[in-house]
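For the sequence shown, the positions run 819 to 1185 when this note's numbering is used. Beta carbons: idealized from backbone N, C-alpha and C, even for Gly. Remember, it's a predicted structure, so these values are computed and weren't measured experimentally.
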Amino acid sequence: MLRRVKFWLAMGWLLCTLTLCSAAEDVPQFPPQLESYGDTPLPLMAKLRHRVAAEPLNLAATIIFGLAIIHTFLASKIMHVAHRWRDEHRAKVQQRDEIATKPYKDAVDEVSFKAEAAHFFGEVEAIFGIWVVPLLFAFLILKDWNTAQHYIGHKVRYTEPLFVVVIMTIAATRPILMAAQQAMQLVARIGGGTPAASWLAILTIGPLLGSFITEPGAMTISALLLARSFYEFQPPRMFAYATLGLLFVNISIGGTLTHFAAPPVLMVAGTWGWGTTHMLGVFGWKAATAVVASNLLYYAWFRKQFAALKPDEPPVTAEERWEERTDPVPAWITMIHSLFLGWTVFTAHHPALFVGGFLFFLAFASA
C-alpha cells in the first residue's frame, strides 16, 4: 500500500513539474497591450463592450474592483457588527466564569471566532487584499495559474506600497513624533502657543515636510499630531472635516519643494532634468505660498470655532496611554530613528535596501 502511495505521489509530482515547465515556456501576456484591441475610433461604451468580448477577464476584474469599493464603504458597518458579537461573547464568558473557573491558570481569555473574522473583514487596510483572492479565482477560471502567477509576480510593481508601509511605520514612532511635535511647538509659540497657533503650525510645516520625508511620512506625522492637539478636543463636525480636507490638499502640494519626494514629481523629474533648485524656484515657493494662504483663509473662516476648544481641560478621551506619554526621548534614540527614516527615503526605489533597513530598524526598536 505504501509503495502505491509513493508511486502515485511521484507520478503526480512529475506531471505537475512537466505542466509548469511547459507553461513557463509560453507565458500568456496579460493584460494585453492597449494597441492590440484596435478600438481607438470606437465610442466609449462600444469600446468597453469590445474589450470585454476580447478579454472577458476585464469584466471580471472590473466587477471585483467595484465590489471592493462597496466593501470599503460598508467597513464601518461590518466593524460595528464585529464589536456587537465581541461584547455578546464576552458577556457569555463572564457569566460562565462565575460558575466555573478556567481549566488552566495561564489560559488566555476566550474570544469569538466570528467576531474576530468580522473584525478582519471590517479593516479598511485589508479590504483590497481580501478581494485579491476572488481575482485569483477569476484568473484560474478564465485563464490559468501560470498567467495569474506571471501577472502578480512580474507585471505588478510593489515598490510604492512597500515603501509607504515602511515610511509610515517609522514616521509614526514615538521618537519621530516627539521630535516633530517639539519643532512645531517652537513655531506655535510665536503665535502664543494657542490651539490656533498649533493648528496653523501643523498644517503648514507638516505638509512641507513631504518634500523631504515624502508625502506618506508627512501625512502620518501631521495626522497623528492633529489627533493629539486638535481632534481629541472634539471640534465641531464641520470644522473637523474642513481641517481634514485642508490637510489632504496641503499634503498633495507640499512635496514640490524638492525633486525626490513626491511621486508626481518623480515621474517627470528624471525625464525632464528637474532638480531641487528648479523645483524650488518654479513650483516650490508657489506651493508653500498656497499652503500658507489656504491655512490663513481657513483660520479666518473658523476663527470663532477655536474658542470652543478647551485645551486646559482634559480631552473627552483622556486616559493614560503608553504611546502618548510625555517623558522625553533620549537624543541618540531620536537621531537613530531619523537616520533610519532618511535611509528609507534615500533608497525609496530599491525595496531590497529599504526593507532590509526596516528589519534592522525593527531589531533596534525591539532592543
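Compute the beta-carbon to beta-carbon distance between residue i and residue j, rounded to the nearest angstrom, for a pair I have assumed lies under 8 Å.
| i | j | result |
| --- | --- | --- |
| valine 911 | glutamate 934 | With a Cβ gap of about 14 Å, valine 911 and glutamate 934 do not count as contacting. |
| leucine 1065 | leucine 1021 | 6 Å |
| isoleucine 985 | threonine 1032 | 6 Å |
| glycine 1009 | alanine 1015 | 3 Å |
| threonine 1162 | isoleucine 988 | 6 Å |
| leucine 995 | isoleucine 1023 | Actually they are not in contact, since the Cβ atoms of leucine 995 and isoleucine 1023 sit about 13 Å apart, beyond 8 Å. |
| alanine 936 | valine 974 | About 29 Å; that fails the 8 Å criterion. |
| isoleucine 882 | tryptophan 949 | 6 Å |
| alanine 997 | threonine 1152 | 5 Å |
| glutamine 886 | isoleucine 945 | The residue you asked about is not glutamine; residue 886 is alanine in the sequence shown. Confirmed, about 6 Å. |
| alanine 1242 | proline 1053 | Residue coverage of the chain in this structure runs from 819 to 1185, which leaves residue 1242 outside it and unanswerable. |
| arginine 904 | serine 930 | 6 Å |
With a Cβ-Cβ cutoff of 7 Å, do residue i and residue j count as a contact?
| i | j | result |
| --- | --- | --- |
| asparagine 1113 | leucine 1018 | yes |
| alanine 1166 | phenylalanine 938 | no |
| threonine 991 | histidine 1155 | yes |
| proline 1025 | valine 1109 | yes |
| alanine 893 | valine 942 | yes |
| phenylalanine 1057 | phenylalanine 1120 | yes |
| glycine 1093 | threonine 1074 | no |
| phenylalanine 848 | tyrosine 969 | yes |
| methionine 897 | glycine 947 | no |
| proline 993 | phenylalanine 1124 | no |
| arginine 869 | tyrosine 855 | yes |
At what residues does the alpha helix (DSSP H) containing residue i begin and finish?
| i | result |
| --- | --- |
| lysine 1122 | Note, lysine 1122: premise wrong, no alpha helix (DSSP H); not H, not E. |
| phenylalanine 848 | Run containing phenylalanine 848: none; DSSP gives neither H nor E here. |
| glutamate 1096 | It should be pointed out that residue 1096 corresponds to histidine in this sequence rather than to glutamate. Looking at the DSSP string, the run of the alpha helix (DSSP H) that includes histidine 1096 is 1094-1097. |
| threonine 1191 | A query on residue 1191 cannot be resolved here, the shown segment of the chain reaching from 819 to 1185 and no further. |
| threonine 1089 | 1081-1090 |
| leucine 860 | Looking at the DSSP string, leucine 860 is not in any alpha helix (DSSP H), and its letter there is neither H nor E. |
| leucine 1042 | 1028-1047 |
| tryptophan 1150 | 1149-1164 |
| valine 1173 | 1169-1184 |
| glutamate 934 | 931-939 |
| glutamine 1052 | It is not in any alpha helix (DSSP H) - glutamine 1052 carries neither H nor E in the DSSP assignment. |
| valine 951 | 950-960 |
contact_flag[the region 1142-1149, the region 1063-1076] where n(CB pairs < 8 Å) is 3 or more: No, they do not touch.
Take every Cβ of the region 1074-1093, pair it with every Cβ of the region 1032-1042, and state whether three or more of those distances are shorter than 8 Å. Judged by Cβ distances under 8 Å, the region 1074-1093 makes contact with the region 1032-1042, as three or more pairs qualify.
Taking three-plus beta-carbon pairs below 8 Å as touching, is the region 953-972 in contact with the region 864-880? Short answer: they touch.
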